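J.: I have a structure here, written as structure tokens, and I will follow up with some questions on it.
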Amino acid sequence: MTRETGNTVLVTGGAGYIGSHTVIVLLEKGYNVVIVDNLCNSRFEAIKRIQKLSGKDLIFYRVDLLNEKDLDEVFSKHPVSSVIHFAGLKAVGESVKIPLTYYKNNITGTVHLLECMKRHNVTDFVFSSSATVYGDPTRPGGTIPIPESCPREAANPYGKTKLFIENLIEDECKASGSLNAALLRYFNPGGAHPTGELGEDPLGVPNNLIPYIAQVAVGRREYLSVFGNDYPTPDGTPIRDYIHVCDLAEAHVASLAYLQRNYVGCRAWNLGSGTGSTVLQIHRAFSKAVGTELPYKIDPRRDGDVVNLTADPKRANEELKWKTNRSIDEICADVWNWQRKHPYGFDFYKANSDANL
Ligand code: NAD
Ligand code: WQD
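Everything in the sequence shown is counted per my numbering, starting at 1241 for the first residue and increasing by one.
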């Protein structure tokens, strides 16, 4: 079914890591962008950089999705035609410590957003889901590489919020008959903008492999702890499907265009390359980017880690006409470019510019 829709995309969480890279591609493709972000895990500096890198203007609101009234006002002020929903809390370990905060922020925030969309007759909706909804795909019933049909089972509060939101979107699609939703299940995002002006800026000690190793490379951490080398993989370390954030950004625009052309109800797409890399392969690729062997130590396994999460991306390749174009070498080279230019992320830039150095 061919549909006619407008050109203004509301992006929640657009100041964050994946959102900011996606907004650049949206602006480059000629969309008008309205960002809603409460900056709880991002910096306003990212908004300035998006505008500088794209040479385009955008509209930004510092609004919390938990504040439905303020969110509704944004919909009233702009002719929003579709929504890409990145805003959410995402740290697995933190979600175990403060589950209520995660359930409230991620689930209630999404309910408010869907209610506003309904009131304002906005139907095209792209949601940031995660491969975490597959739990451990090596359990009975699971397969590697993982197709979208793999049974879902989340293992921690963060993952449970993603699974719950997928289900609530599916229910609302069925009930409304008009909500048209893409569930994008990201595998392991990495990389940065090729200019080195935009990238991941984690608060505190990074939980994830790539930002951690980047901080080792820049001298902020002594060595990389490799969490276990006794897994049943070629070098004993777990396998993940790492995907460049710019490939991910392009997938959002491809899925939005797909929704604008087709009514799908609710449909999931895996976003990965289909190729897995071990922790030690990432360590080698990052060392190559830096030009020196980075220090690492083998430590015990991390609780909750699974041996292999590799996507079967066929559905996205065929339907969205999208595939990954960037290798793990490019992921590591771009992260290193960002990290060496900004050893302390956006704060470092701010400290220097404020001091007029
Ligand atoms: P991020 O933290 O950099 O971006 C999320 C943004 O949402 C931040 O700018 C934050 O300030 C904002 N936000 C959070 N709660 C909000 C609220 N209540 N109201 C308004 N703004 C709010 O994270 P990211 O890595 O860019 O991830 C984006 C989305 O993708 C998240 O939903 C995350 O769960 C999902 N995801 C991320 C990964 C990953 O490894 N980065 C993997 C799979 C899925
Ligand atoms: C990758 C591999 C670690 C850090 C997480 C979330 C998932 C999704 C993506 C949001 C694992 C190993 C890591 C370190 C290490 N996020 N590692 N030393 O766990 O696959 O996925 O991010 O949806 O939900 O769970 O990513 O980068 O943390 O770990 O050895 O210091 O690197 O054991 O094998 P993960 P990760």
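Positions of the beta carbon are idealized from the N, C-alpha and C atoms, including for glycine. If you're wondering where the values come from, they're calculated on a predicted model, not measured in any experiment.
(1) So, at 8 Å on beta carbons, what are the nonlocal neighbours of valine 1530 in its own chain, with the 5 sequence-adjacent residues on each side left out?
(2) Do you know offhand how far valine 1519's Cα is from serine 1322's?
(3) In the structure shown, what three-state DSSP assignment does methionine 1241 receive?
(4) Under 8 Å, with one C-beta from each stretch per pair, do the stretch 1489-1497 and the stretch 1259-1273 reach the 3-pair mark?
(5) Assign leucine 1520 to one of three DSSP states: helix, strand, or coil.
(6) So the candidates are Ala1255, Glu1410, Thr1378, Tyr1426; which of them puts its Cα closest to the Cα of isoleucine 1483?
(7) Does DSSP classify phenylalanine 1326 as helix, strand or coil?
(8) Just reading off the alpha helix (DSSP H) that leucine 1335 is part of, what are its end residues?
(9) What is the DSSP secondary structure of asparagine 1247, counted as helix, strand or coil?
(10) Would phenylalanine 1315 and cysteine 1280 be called neighbours here (beta carbons separated by less than 8 Å)?
(11) List in chain order: all unbroken beta strand (DSSP E) runs of 3+ residues lying wholly within the stretch 1426-1476.
(12) Skipping 5 residues on each side, what residues in its chain have a beta carbon closer than 6 Å to that of asparagine 1596?
(13) Here's the rule: buried if 16 or more other CB atoms are within 10 angstroms of the residue's CB, otherwise exposed. What is glycine 1431?
(14) Please state the DSSP three-state secondary structure of threonine 1252.
(15) Spatial neighbours of arginine 1541 within its chain, please: CB distance less than 6 Å, with the 5 preceding and 5 following residues excluded, ordered by chain position.
(16) Which whole-angstrom value is the C-beta distance of asparagine 1548 and isoleucine 1453, which I expect to be below 8 Å?
(17) Between the alpha carbons of tryptophan 1578 and isoleucine 1571, how many angstroms are there, rounded?
(18) Since leucine 1423 sits in a beta bridge, which residues does DSSP pair it with?
(19) Quick check on the DSSP output: the alpha helix (DSSP H) that includes asparagine 1407 runs from which residue to which?
(20) So which of Ala1497, Leu1464, Phe1404 has the shortest CA-CA distance to glycine 1349?
(21) What does the Cβ neighbour count give for tryptophan 1517, buried or exposed, with the cut at 16 atoms within 10 Å?
T.: Let me lay it out:
(1) The residues Ala1457, Trp1576, in chain order, have a CB closer than 8 Å to that of valine 1530 in the same chain once the five nearest residues on each side in sequence are set aside.
(2) Serine 1322 has its alpha-carbon roughly 37 Å from the corresponding atom of valine 1519.
(3) Low per-residue confidence applies at methionine 1241: pLDDT is 45, beneath 50, and the placement is therefore not dependable enough to give any value.
(4) Taking 8 Å as the limit for Cβ pairs, the verdict is that the stretch 1259-1273 does touch the stretch 1489-1497.
(5) In the structure shown, leucine 1520 sits in a helix (DSSP, three-state: H, G or I).
(6) A check of alpha carbon separations from isoleucine 1483 across Ala1255, Glu1410, Thr1378, Tyr1426 identifies Tyr1426 as the nearest.
(7) DSSP places phenylalanine 1326 in coil when its eight states are reduced to three.
(8) Reading the sequence as shown, one finds serine at residue 1335 and not leucine. Run containing serine 1335: 1332-1337, per the alpha helix (DSSP H) assignment.
(9) In the three-state DSSP reduction, asparagine 1247 falls in the coil class, being neither helix nor strand.
(10) Going by C-beta atoms, phenylalanine 1315 is not nearer than 8 Å to cysteine 1280.
(11) List check, beta strand (DSSP E) in window: 1428-1430, 1464-1467.
(12) Because asparagine 1596 carries a pLDDT of 35, less than 50, the predicted location of this residue cannot be relied on, and the following value inherits that uncertainty. None.
(13) Per the 10 Å Cβ criterion, buried.
(14) DSSP places threonine 1252 in strand when its eight states are reduced to three.
(15) Apart from sequence neighbours up to five positions away, the residues of its chain that approach arginine 1541 with a beta-carbon distance below 6 Å are Phe1467, Gly1468, ordered along the chain.
(16) So it is not a contact: roughly 20 Å between Cβ atoms.
(17) For tryptophan 1578 and isoleucine 1571, the distance between alpha carbons rounds to 11 Å.
(18) Per the DSSP secondary-structure output, leucine 1423 pairs in a beta bridge with Phe1367, Ala1508.
(19) Its alpha helix (DSSP H) spans residues 1397-1416.
(20) With distances taken between Cα atoms, glycine 1349 lies closest to Phe1404.
(21) Correcting the residue identity first, residue 1517 is serine in this sequence and not tryptophan. With a threshold of 16 other beta carbon atoms within 10 Å, serine 1517 meets it and is buried.
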